[in-house]
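Notes for the one structure printed next.
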Amino acid sequence: MDMQNEQRKEQKNTDSPGMDENHGGVAVHTEADMADHEESDSHDENFELDHKIEDYSDYSKKQLVDLIKELSKEDNFKKVDAIVKEIRPLFDELKEKERIDALSRFKSSGGVEEDFEYKGDTFDIAFEANLRLIKDRRFQYIRQQEDKKTENLQRKLELLEKLRVLVDSLDTNNQFDTFKELQKEWKAIGPIPGPQAKTIWANYHALVDRFYDNQSIYFELKELDRRRNLESKLELCARAERLTGVEIIKDAIRELNELHHEFKHIGPVPIEDKDAVWNRFKMASDAVYARRDHYLHNLQQELQTNLEKKIQLCEEVEPFVSFQSDRIKEWNQKTKDILDIQKRWETIGGLPRAKAKEVNKKFWSAFKNFFNNKNAFFKKLDEEREQNLKLKYDLVNRAKELRESTDWESTSNELKGLQARWKEVGPVPEKFREKVFQEFKEACDHFFEHRRDQFGRVEQEQENNLAEKMAICQQLEQYAANGTGTVDTLHELQQKYNDIGFVPRKDIASIRNQYTLAVEKFVASLADVSEDDKGRILIENQIDNLRSDPNADKKIFQKEQAIRKKITKVENDIAVWRNNLEFFKHTASAEKYRDEFNDKIKTASDHLHQLKEQLKYLRTVS
136 MDMQNEQRKE QKNTDSPGMD ENHGGVAVHT EADMADHEES DSHDENFELD
186 HKIEDYSDYS KKQLVDLIKE LSKEDNFKKV DAIVKEIRPL FDELKEKERI
236 DALSRFKSSG GVEEDFEYKG DTFDIAFEAN LRLIKDRRFQ YIRQQEDKKT
286 ENLQRKLELL EKLRVLVDSL DTNNQFDTFK ELQKEWKAIG PIPGPQAKTI
336 WANYHALVDR FYDNQSIYFE LKELDRRRNL ESKLELCARA ERLTGVEIIK
386 DAIRELNELH HEFKHIGPVP IEDKDAVWNR FKMASDAVYA RRDHYLHNLQ
436 QELQTNLEKK IQLCEEVEPF VSFQSDRIKE WNQKTKDILD IQKRWETIGG
486 LPRAKAKEVN KKFWSAFKNF FNNKNAFFKK LDEEREQNLK LKYDLVNRAK
536 ELRESTDWES TSNELKGLQA RWKEVGPVPE KFREKVFQEF KEACDHFFEH
586 RRDQFGRVEQ EQENNLAEKM AICQQLEQYA ANGTGTVDTL HELQQKYNDI
636 GFVPRKDIAS IRNQYTLAVE KFVASLADVS EDDKGRILIE NQIDNLRSDP
686 NADKKIFQKE QAIRKKITKV ENDIAVWRNN LEFFKHTASA EKYRDEFNDK
736 IKTASDHLHQ LKEQLKYLRT VS
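752 is the number that our numbering gives to position 617 of the sequence shown; each next residue is one higher, with no gaps.
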């Protein structure tokens, strides 16, 4: 009886890991307490390591949609909710800005605000669809977890009943093996609903204590089991010590939490080894936590460095707020400069949460103010174009007054003067460009057609003009063949060519093609000129030729539209090829296809750059 009492006392001292031990009046947490604490904090810790440095305030709508698509596949709903809470207001702000801009354009084109209806774009639809998907998956996940916990509760209740029957049984054959199997099965069961957890755990430990108390071979079995437990805990210690070499700290923390869970559920060890094995496990854990703390410290330093860099960019962008100019080229250059600063801004990582909103607001306020000023400038430019439209209609009305005149010489000179003044007048609003030009052209053509009917000598003049233009083409080809041409030479011959009058109608297309090919050969032969400059020279030459055409405005407009169509096609091709690359990303045998698509994308990107430079030049001179 004394032996059994001693064993019960020893069992209670060693099998109760939830009790505090006091040494010198200071509470020391046991291994079970620390395991509970670390397990409860694991998800929050991993989430902080993964996501506390993210800053989405400078994301575009496409980036936000791509992000929420990834979140819709994520199973960590605490992480998902935190990020959605951050990005939802940002997306709504971008969406509202686009709605306001669309409303402004609608009203500018004569619409009434009450008739305006904004449907959003594909990004808006995709964003809302993925929000609903996240909500549905969260609901399904929570329901599955609750069902699983309920199922686990039922399983543990059944195990408690089996354990109760085992404890009360008088048959001692294979009782200990059965008991260990029940313990193993108990450990394998996942979490149960919170309200029942503490009661179930207390009942389980009460039955375990009763079982040991009822065993006639209690001491021998307990010592054997404790030795086995010691081996298991020493293995966990070794695994915890190896975690100091794991490169990714969040993976180390995650695995350490799993080890704490296992350590907690392994039974007691021999009394003489209890403190040593726990201290070894705790030291290994502390080493991992020290690495985590060091990582977080470095992270804060990195965020502080990012803050300093972005403050510097805020200072760089501030002068753009006060920039003013009356030249399109200067506005375009400043736009390029501020967009370069924006690119540098986007390469910098996240900021400390306390400072992120303030710094982002300062930068983007200056950014938006610059573009507001730019929009005001182009609004004024539009007003000037309205004035140009009035001037051109004055020329149209005068041309209509002269269209029936038979004073061929005087009227011809006056109409040519009107045409020269027409070219000097700046651009008009695009929606009136074609209409006003056609009216002016029709009035001029009407007079000159009548004059041509009266003067057959014009045909000879046109033949002479054709001969002169062909001679200039031959000169260009000769310079190209000899490699002696210069840009100044090209400009001189180009001016001569444009000063020559009309050629016979039947020869217009052929001489134009001959001249275009001659210029291309000439430009290609320029040895000290880069490819970009050659492209610019060619487009300048084409625009100068179009300006000399009676249909100059129309031709320039058509040229601009043609370039825009090419840009759209090349951008679509690049998008398709990049999408195709995604299909080969994880296929080792498709390396040659990836190289082929990468080459296509590079060539197309170079072509796209040239097209955009041509369009930029067209918009500058139009």
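Glycine included, C-beta positions come from ideal geometry on N, C-alpha and C.
By Cβ distance below 6 Å, which residues in the same chain neighbour residue i in space, the five residues on each side in sequence not counted?
i	result
H581	R538
R520	P562, V563 and P564
A710	none
S367	I401
C579	A534 and L550
R234	Y253
D741	none
F241	F251
V658	K669, I672 and L673
Between which two residues does the alpha helix (DSSP H) harbouring residue i extend?
i	result
Q310	Q310 to A323
Y650	I643 to A659
V622	V622 to D634
D120	A question about residue 120 goes unanswered here, because the residues of the chain that appear run from 136 up to 757.
F583	E565 to Q589
Y194	Taken as a continuous stretch (DSSP letters only), Y194 belongs to no alpha helix (DSSP H), as it is neither H nor E.
P224	F212 to S243
S547	W543 to E559
P328	Element bounds for P328: n/a, residue is neither H nor E.
Tell me which residues share the same chain as residue i and place their Cβ nearer than 7 Å to its Cβ, disregarding the 5 neighbours each side in the sequence.
i	result
L365	V404, P405, D408 and V412
K444	I483
K604	Y632, I635, V638, I646 and Y650
I384	L184, R426, R427 and Y430
Q573	none
L601	V638, P639, D642 and I646
K469	F455 and F458
K220	none
Going by DSSP in three states, residue i sits in which element: helix, strand or coil?
i	result
K486	Per the sequence presented here, residue 486 reads as Leu, with Lys not at that position. In this structure, L486 counts as coil in the three-state DSSP scheme.
N265	helix
A534	helix
D171	Because D171 carries a pLDDT of 39, less than 50, the predicted location of this residue cannot be relied on, and the following value inherits that uncertainty. Helix, per DSSP.
Y528	helix
T619	coil
E706	helix
A662	coil
L746	helix
F732	helix
K464	helix
Q610	helix
G670	helix
E286	helix
E296	helix
Q459	coil
F637	coil
K471	helix
E539	coil
V494	helix
S207	coil
K751	helix
For residue i, which residues of its own chain have a beta-carbon under 8 Å away from its beta-carbon, when the five flanking residues on both sides are left out?
i	result
G485	I188, E189, D190, L438, N441 and A491
A662	G618
I335	L288, K291, L292, L295 and I327
W557	K527, L530 and F575
I698	L746, Q749, L750 and L753
V494	L442, K445, I446, C449 and L486
K701	L746
N349	V302
S540	T546 and F582
T621	L661
D193	W480, E481, N495 and W499
With distances taken between CB atoms, is the gap from residue i to residue j smaller than 7 Å?
i	j	result
A501	E453	yes
K656	E627	no
V381	A387	yes
F505	F455	yes
A375	F311	no
L202	V215	no
L524	F567	yes
W466	K497	no
K230	D259	yes
Could you give the uninterrupted runs of the alpha helix (DSSP H) lying entirely in the segment 366–454, keeping only those of 4 residues or more? 384–400 and 406–452
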